[in-house]
Every structure is written in structure tokens, then in C-alpha cells.
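K.L.:
Residue numbers (mature numbering (1 follows the signal peptide of the UniProt record, and there is no 0)): -23 to -1, 1 to 289.
1. Since residue 221 sits in a beta bridge, which residues does DSSP pair it with?
2. Just to confirm the assignment: which complete beta strand (DSSP E) runs, minimum length 3, are found wholly within the region 23 to 77?
3. Among 272, 147, 199, 90, which residue has its Cα nearest to the Cα of residue 280?
4. Does DSSP classify residue 227 as helix, strand or coil?
5. By the three-class DSSP mapping on this structure, what secondary structure does residue 164 have?
6. Nearest by alpha-carbon distance to residue 232: which of 251, 217, 223 is it?
7. By the 10 Å Cβ neighbour count, where 16 or more other Cβ atoms means buried, how is residue 176 classified, buried or exposed?
8. Buried or exposed: residue 278, going by 16 or more other Cβ atoms within 10 Å of its Cβ?
9. What first and last residue would you give for the beta strand (DSSP E) that runs through residue 196?
10. Between the Cα of residue 370 and the Cα atoms of 238, 144, 268, which residue gives the shortest distance?
11. What does DSSP give as the partner residues of residue 135 in its beta bridges?
12. Whose C-beta lies closer than 8 angstroms to the C-beta of residue 254 among residues of the same chain, with five residues either side of it excluded?
13. Output the boundary residues of the alpha helix (DSSP H) element that contains residue 82.
14. What does DSSP give as the partner residues of residue 258 in its beta bridges?
15. Note down the Cα distance separating residue 47 from residue 15, rounded to an integer number of angstroms.
16. Looking only at its chain, what residues have a beta carbon closer than 7 angstroms to the beta carbon of residue 45, apart from the 5 residues adjacent to it on each side?
17. For residue 229, tell me which candidate among 179, 206, 168, 126 has the shortest Cα-Cα distance.
18. Which residues share a DSSP beta bridge with residue 10?
19. Count the other CB atoms, across all protein chains shown, that sit within 10 Å of the CB of residue 241; report buried if there are 16 or more and exposed otherwise.
20. Below 8 angstroms CB to CB, which residues in the same chain sit around residue 140 once its five sequence neighbours on both sides are set aside?
21. If residue 6 and residue 63 are in contact, beta carbons under 8 angstroms, what's the gap, nearest whole angstrom?
22. Just to confirm my understanding: we take residue 17, look at its own chain, exclude 5 residues before and 5 after, and list those with CB closer than 7 angstroms. What are they?
23. How many whole angstroms separate the CB atoms of residue 183 and residue 220, which I take to be in contact at a CB cut-off of 8 angstroms?
24. Considering only the beta carbon of each residue, do residue 235 and residue 247 sit closer than 7 angstroms?
25. Measure the beta-carbon distance from residue 296 to residue 136 and round it to whole angstroms, keeping in mind my assumption that it falls under 8 angstroms.
26. Looking only at its chain, what residues have a beta carbon closer than 8 angstroms to the beta carbon of residue 73, apart from the 5 residues adjacent to it on each side?
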């Protein structure tokens, strides 16, 4: 698409975007601070100076992804198809928004510098329904898994295929029925799970309980912050359009993958996880044959829960 045509599309789609932004700021290139109703220019976010009285424009969690590494348009504008655009224009364009971190555009569309907390509350009616269903079998101390759960090997799992939620809400969902997002510490559990999913002919994508954690500086299980296992046979492959020199196996969970040795052969396949930044979570997806992949935490998948309640 030519720059002139793209500009027309941006102008038209910007009008649509303005209707979707939560009320608060009068201008489409402004965003509301987390508290107090104050509005600032979007291009002043994460610019090393508190524009918001509450400091929300310099929130480290937001500044991790609110960056512009392309210098062709300066620090305030973004480059797309031969021209420079402001943030709200980039997010309003289906073409240009693909170049943006989706978390940036989500904040722009909501119109507020507010990140959802890691544990989102379900409605009280849903919580009560789920707790009642599980309690009906837990209190009887039956030798098999409670309602909503399926025994696979020595564990009880719940596959909520109809639900499509971000990672944080999926975890809250599992906790409401006395479980947590799937975690494991041995290959047998993972192997039993994959065998069941294959026989059940499942095609749903599921969140599991791993994410990149800044506190541990590693991909860690959310239940106890222990490092997730790396490499084969756990993690999926990802295709790369460019041929990338193959590095040595990544065995240290607390460091980035090692650099490739000089003269190492290159391949078009990389092993997940590729990302080591906040905002990425682990999933078992049909696309990757249910091997672990790194996905944006705000994407929506189904919860895969493991029972953690003591039935004894």
C-alpha cells in the first residue's frame, strides 16, 4: 500500500478508534494517567520524566514494552510503509499495528495507563458455581478426581475448552476450583498428559502455569517460582524466515541462550522460548503439537488446570 493510501486508511480508522477509547481524554493522541483523570501526550510516556502526577507514565512494567527502537522517525513517531506516524495512528491501522507490541495498542485503545493485575477476579456467581461443583465431590474424599477433573496418571487435570481467557484470568479460574494452571516437575507427567490429549483428539489451545518472571530472571512455574525445564522434549520449534546459526543447547534457565560458535551451521527452525521479557506466558497449542510455546499473556486460550487441593 502506498504511503498516501495508507494515510487515508489511518485517518478513517482513527475515527473508529476514537469511538472505542474510554472517555477521559479529549484528544486521540493523549492517554489518561492511572489515577486522577490527568491526560498526557502518548509520546511523553516512558520518556524519563514524570508527566503523570502518580508516576504511571514511567511504570517500569509499561516501559518494558513501550519503546521505539527505530530511529528513522525519532523517539516520538513510528515508521510504517515509508512514512512516520503517531502511536494512536499506528494502532488504528491493521497494517501498521502489526509492528507494534500488542500491549501498547491495548493501552491506547482503552485510553488509560493501567495494566491489569496478574490475578483477575471472576464474578462471584461463577466462583460460587465452580466451588459448589468441586466441593460436592471433594468433601466425600472419593478415590478418584472430583467433578470437572480427569485423572491422568497420578494427577487430576481439568480441560476448560469452551473458556477463552488471558493467562492471568485463566489462572484465577483454576484457583477457583482448588487447582492451578498446569505445572509439572517430571517427564512422566508431561508424557502422560500428551498421550491423553492425543487420544482425546483435542484441538484447543491451552494456557499452562509457566511465564517469564523478572524476579527470578527465568521462565518459571507460577506456583513456586522454580525454573521450567528447557529444551527437548518439552519446548516447541518455531520457523524462522532467515537462517539462524545454531547455538549450543540452552541449559541455564537464568541466562539468555548462548551465542553460536564461529562457523556453526544455520537453520530455519528455532526452539522456544524465544522471548525473555515480561508479558510472555507458556501454552500448549495445537499448532505446535502441544509442545510448550511462548505466547503473549494477553492472548486468549483455554485454562488447563491441575488439582492442588489435598483430598486426604
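Note that the Cβ used here is the ideal one computed from N, Cα and C, for glycine as well.
P.N.:
The structure says:
1. Residue pairing by DSSP puts residue 221 in a beta bridge opposite 244.
2. Here the runs fully enclosed are 55 to 57, 60 to 62.
3. Closest by alpha carbon: 147.
4. Coil at residue 227, not helix or strand.
5. In the structure shown, residue 164 sits in a helix (DSSP, three-state: H, G or I).
6. It is 251.
7. Note on residue 176: under 16 other CB atoms within 10 angstroms of its CB, so exposed under the neighbour-count rule.
8. By the C-beta density criterion, residue 278 is buried, having at least 16 other C-beta atoms within 10 angstroms.
9. Looking at the DSSP string, the run of the beta strand (DSSP E) that includes residue 196 is 195 to 198.
10. Any question about residue 370 goes unanswered here, given that the chain covers just -23 to 289.
11. Partner(s): 282.
12. If you ignore the 5 residues before and after residue 254, its C-beta comes within less than 8 angstroms of the C-beta of 41, 42, 189, all in its own chain and listed in chain order.
13. Boundaries of the alpha helix (DSSP H) around residue 82: 79 to 87.
14. BP columns for residue 258 point to 188, 272.
15. Cα to Cα, the separation comes out at about 29 angstroms.
16. The answer, listed in chain order, is 52, 55.
17. Minimum Cα distance to residue 229 is reached at 206.
18. The partner list for residue 10 (beta bridge, DSSP) is empty, contrary to what the question assumes.
19. Per the 10 Å Cβ criterion, exposed.
20. For residue 140, where only same-chain residues beyond five positions count, the Cβ hits under 8 angstroms are 147, 150, 279, 280.
21. Contact holds; Cβ gap of about 5 angstroms.
22. Answer for residue 17: 7, 8, 10, 28, 29, 34, listed in chain order.
23. Their Cβ separation, rounded to whole angstroms, is 32 angstroms, which puts residue 183 and residue 220 out of contact at 8 angstroms.
24. No; because the gap between Cβ atoms is not below 7 angstroms, this pair is not in contact.
25. The first residue shown for the chain is -23 and the last is 289, placing residue 296 beyond what the model contains.
26. Same-chain partners within the cutoff: -18, -14, 55, 57, 58, 62, 66, 67.
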